[in-house]
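Some notes on the structure that comes next.
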Amino acid sequence: MDNRVILLVEDNPDDEVLTIRTLKKYHIMNEVVVVHDGSEALEYLFCEGDYADRNPSVMPVIVMLDIKLPKINGLEVLRNIRQHEKTRLLPVVILTSSDEERDLIDSYQLGANSYVRKPVHFQEFQEAVRHLTLYWVLLNQTPKD
682 MDNRVILLVE DNPDDEVLTI RTLKKYHIMN EVVVVHDGSE ALEYLFCEGD
732 YADRNPSVMP VIVMLDIKLP KINGLEVLRN IRQHEKTRLL PVVILTSSDE
782 ERDLIDSYQL GANSYVRKPV HFQEFQEAVR HLTLYWVLLN QTPKD
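The opening residue of the sequence shown carries number 682 in the working numbering; numbering runs sequentially from there.
Pasting the structure below:
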């Protein structure tokens, strides 16, 4: 794989560690930037706050976005992503433990590219992360800037 960035927006430390371990286990060598709330995700994407010095031309190849986040929830983050020309076409995968039908519907209505419920069992979680990452990072084609 290349050096394209994966943005992981996750407030659960256990899910963060498991996701990163899974990526390493399957030799997905992309840089993973982890942010822990919706506000930090938007700062990263729009080069604001602590990320004001980040190169704005380097955008994530995928955003793995949890819904239940502190400060700004994942659906609001998704809404913001889709409202801005710079981020409108970013692939966003909702990776959540929510089994609420409303979250699923709202995610797709706001422009999510995929919605994946985090499996409870360790091995199933690893397989889900592996499959979605391989697809979105290796196989999926995105427009050039």
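Ideal Cβ placement from N, Cα and C applies to all residues, glycine included.
Check, Outcome
"Between residue 745 and residue 689, how many whole angstroms is the CB-CB distance? I'm expecting something under 8 Å.", "5 Å"
"Only counting the same chain, and skipping five residues up and downstream in sequence, which positions put a Cβ closer than 8 Å to that of residue 799?", "696, 776, 777, 778, 806 and 809"
"Should residue 818 go down as buried or exposed, given a rule of 16 or more other Cβ atoms within 10 Å for buried?", "buried"
"Could you check which residue in 804, 821, 738 and 714 has the C-alpha nearest to that of residue 706?", "804"
"Enumerate in chain order the residues of its own chain whose CB-to-CB distance from residue 791 is below 7 Å, with the five nearest sequence positions on each side excluded.", "756, 759, 760 and 763"
"Is residue 797 closer than 8 Å to residue 785 when the C-beta atoms are compared?", "no"
"Do you know offhand how far residue 782's Cα is from residue 737's?", "35 Å"
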